[in-house]
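Numbering (this note's numbering), first residue to last: 17 to 366.
Have a look at the structure below before the remarks.
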């Protein structure tokens with residue numbers, strides 16, 4: 017194991033990422049289908065900031081539970097109730113309530129947990145404001161994608177830009193699918209997390225593409241490797257950098273997600289941390305197993321790389337044929353006293 021890690025750090029291990037592209041494409045297609053099914057069947061649990069509603073915050077009483085708080089709110093005449101822990105408080109999200117219903121809920125909570133009505137803070141958000149937030153989020157995402165497409169086209173080429181955009185969409189769909197299946201609330205913090213993982217995934221893809229550009233730029237008509245082999249070589253040299261970057265970034269996010277939200281009750285952070293945690297893992301995978309194979313698939317269609325692949329294949333076939341011919345030991349035709357003699361000096365009876 018230490019030897020493998022040492023070779024991995026030196027870039028001596030050549031993993032055929034591109035050669036297994038059908039496996040990666042199949043795995044990614046399966047994950048995206050499952051994610052889309054989750055979004056269609058369950059849908060995204062949009063927060064009150066997007067769909068509008070009423071929010072009640074009040075101190076958590078000793079031995080109070082989520083189910084008990086939900087029952088208390090429903091008994092006050094509310095139909096849609098989402099109860100969350102927010103540090104030392106309960107955060108209850110309901111449908112939009114009118115001015116007469118809000119005081120009723122406040123009083124019901126105050127009576128149940130022996131609080132003053134003023135201790136139950138309220139916030140009412142209209143659906144119109146939530147719609148504006150969603151619209152601006154989509155606009156921001158579209159602008160981000162266009163800017164990335166333009167930058168990669170200028171810095172590299174349009175094929176790399178297309179491969180990176182496909183990988184980014186791949187990361188978004190899978191992350192959104194995790195939210196749909198898990199039922200985690202989608203808040204503005206979640207949208208910030210989505211934009212953050214897009215930037216992270218893009219950084220990883222740019223690092224890989226830059227190495228591929230450097231390695232393949234040295235290929236000429238007399239090169240001994242194809243574009244695919246050169247891309248695999250570049251991936252081997254950037255693999256440990258990608259894994260190290262991902263690990264360093266994922267560890268603090270995992271601490272927020274699993275320790276902060278479960279042990280410390282930092283419920284308001286889980287919307288952001290889940291997006292970051294899932295997105296970083298999927299982004300690392302996509303930069304190696306999605307973006308690069310797509311780029312190689314597009315590049316292999318260019319005449320210069322197709323001809324190079326044919327020349328390399330012919331050269332390898334000639335070398336293999338010559339090696340096979342030299343490995344064969346010819347039998348010397350001749351016999352003496354009924355004994356056949358071979359070229360290695362051994363004798364064999366007829």
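For each residue, glycine too, the CB sits at the ideal point set by N, CA and C.
Return helix, strand or coil for residue 32, following the three-state DSSP convention.
coil
Fill in: Reference residue 300; option with closest CA among 54, 186, 149 and 142
186
Report the rounded CA-to-CA distance for residue 286 versus residue 156, giving the unit in angstroms. 22 Å
Note to self: With three or more C-beta pairs closer than 8 Å as the rule, is the segment 192–204 touching the segment 55–67?
What the structure shows: yes
Original post:
Who are the near neighbours of residue 182 in its chain, counting only those whose CB is closer than 8 Å to its CB and skipping five residues on each side?
Top reply: 306, 307 and 310
When we look at the beta-carbon of residue 230 and count the other beta-carbons within 10 Å, is it buried (16 or more) or exposed? exposed
Next on the checklist: By the DSSP assignment, the beta strand (DSSP E) with residue 137 in it spans what residues?
Outcome noted: 137–141
Fill in: Short Cβ contact (9 Å threshold) for residue 289 with residue 273
yes
Worksheet item: Counting only runs that start and end within the segment 52–118, where is the alpha helix (DSSP H) found for 4 or more residues in a row?
Response: 64–67 and 82–91
> From 152, 77, 268 and 328, pick the residue whose C-alpha is nearest to that of residue 132; which is it?
Replying inline: 77
Can you list, in chain order, the residues of its chain with a C-beta nearer than 6 Å to that of residue 34? Leave out the 5 residues immediately preceding and following it. 244, 247, 248, 309 and 312
Segments of 4+ residues assigned as alpha helix (DSSP H) that fall wholly inside the segment 141–223
143–171 and 174–198
Using DSSP with H/G/I as helix, E/B as strand and the rest coil, what is residue 308?
helix
Less than 7 Å between C-beta atoms, sequence neighbours within five positions excluded: which residues of the same chain meet that for residue 99? 82, 85, 86, 106 and 108
### Message
Does the contact criterion of 3 or more C-beta pairs under 8 Å hold for the segment 134–144 versus the segment 62–73?
### Response
yes
Taking the alpha carbon of residue 32 as the point to measure from, which residue in 223, 47 and 253 has its own alpha carbon closest? 253
I need the straight-line Cα distance from residue 214 to residue 65, nearest angstrom please.
22 Å
Could you pull out every residue in the same chain whose Cβ sits closer than 7 Å to the Cβ of residue 40, ignoring the five residues on either side in sequence? 305, 306 and 309
On the CB-based measure, 16 or more other CB atoms within 10 Å of its CB, does residue 351 come out buried or exposed?
With a pLDDT of 47 at residue 351, under the threshold of 50, the predicted position of this residue should be treated as unreliable, though the coordinate-derived value follows. Exposed.
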